[in-house]
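**Q** In terms of the working numbering, the sequence shown opens at residue 37 and continues consecutively.
Note that the Cβ used here is the ideal one computed from N, Cα and C, for glycine as well.
Just so we're clear, the structure is a prediction, and the values are computed from it rather than from any experiment.
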Amino acid sequence: MHTTGHDGDGWAAGPGGTTRWGRYGAAGLLLVVPVDTAPHHPAPDRREPLVLLQHRSPHTASGDTWGLPGGARNSDEDVIAAALRETEEETGIHPADVTVHTTLQTAGPYPADPHRPELAANWTYTVVIATAATALPTVANEESLALSWIPLSQVPHRNLLPAFRESWPQLLQILTEICADSSGCLPVNKLLADPAVPAEYESATPPLERINSHRPTFMEH
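1. State buried or exposed for R152, treating a residue as buried only when at least 16 other CB atoms are found within 10 Å of its CB.
2. For W47, which of helix, strand or coil comes out of DSSP?
3. For V163, which three-state DSSP category applies?
4. Alpha carbon to alpha carbon, how far is V175 from E126? Give it in angstroms, no decimals.
5. Near N177, what residues of its chain come up, given a Cβ to Cβ distance below 6 Å and the 5 sequence neighbours on each side ignored?
6. Report yes if the C-beta distance between A63 and R109 is below 8 Å; otherwise report no.
7. For T56, report the span of its beta strand (DSSP E) as first-last.
8. State the CB to CB distance for the pair D133 and L172, rounded to an integer number of angstroms; the pair is presumed to be in contact (CB under 8 Å).
9. Does the Cβ-Cβ distance between A143 and T160 come in under 8 Å?
10. Is the beta carbon of P131 closer than 8 Å to that of L140?
11. Quick one, which of L183, I165 and E122 has its alpha-carbon nearest E213's?
12. Going straight from the alpha carbon of V69 to that of E122, what length do you get?
13. Give, in chain order, every unbroken run of the beta strand (DSSP E) that is at least 3 residues long and sits entirely within the region 96 to 127.
14. How about T138 and I210: do their beta carbons lie closer than 8 Å?
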């Protein structure tokens with residue numbers, strides 16, 4: 037989450053006198069392996085999608101809980117760029133190995149605090165939802181106690197980061213739309229065009245052109 041040299045590093049105002057990390061907001065990656073490409077774990081694991089969770093180091097905010105890899109956005113990044121960069125830093129997973137489907141803003145924006153003018157305003161947190169073809173190998177950095185591919189049904193049974201636990205029902209509903217059956221995940225264009233997707237999810241979905249045009253630029257860095 038914290039990497040020296042990023043201009044997004046710093047604090048923003050949160051509700052009720054609290055603070056949030058990331059001067060330009062923050063983003064995390066919800067990475068899922070669909071049923072048909074899940075590795076051959078013992079049953080019942082391989083009969084359901086797998087989700088990559090990060091067991092947070094005790095020295096991080098809400099440490100010793102499980103959440104998503106991610107962190108602060110930089111001023112020149114959109115939420116997708118930030119989530120993919122932070123995930124690569126924290127897990128070693130390369131952006132080229134994942135497919136982004138949609139996004140969901142799960143917190144904010146929080147207004148400026150006139151009593152704490154040194155803090156940034158308009159903080160938001162956005163979950164970027166993506167899939168991978170298989171349970172990719174990971175390399176944890178100092179922000180993680182562990183990185184684990186967890187069966188989808190087992191996610192709520194972990195000691196989750198409170199904000200992640202609160203947003204999980206919404207995220208699960210989106211995953212149900214994306215990974216609609218055991219044949220794998222729906223194509224992005226079908227997800228965007230599907231009238232069954234609730235309006236709030238459609239409004240949070242980045243245009244397909246933005247996803248595609250972003251990746252080559254990111255991978256050059």
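**A** In terms of the structure at hand:
1. exposed
2. strand
3. strand
4. Rounded to whole angstroms, E126 to V175 spans 7 Å at the Cα level.
5. Taken in chain order, the residues that qualify are E126.
6. yes
7. Residue identity differs from the one stated: residue 56 is Arg in this sequence, not Thr. Run containing R56: T55 to W57, per the beta strand (DSSP E) assignment.
8. 6 Å
9. yes
10. no
11. I165
12. 19 Å
13. 106 to 108
14. yes
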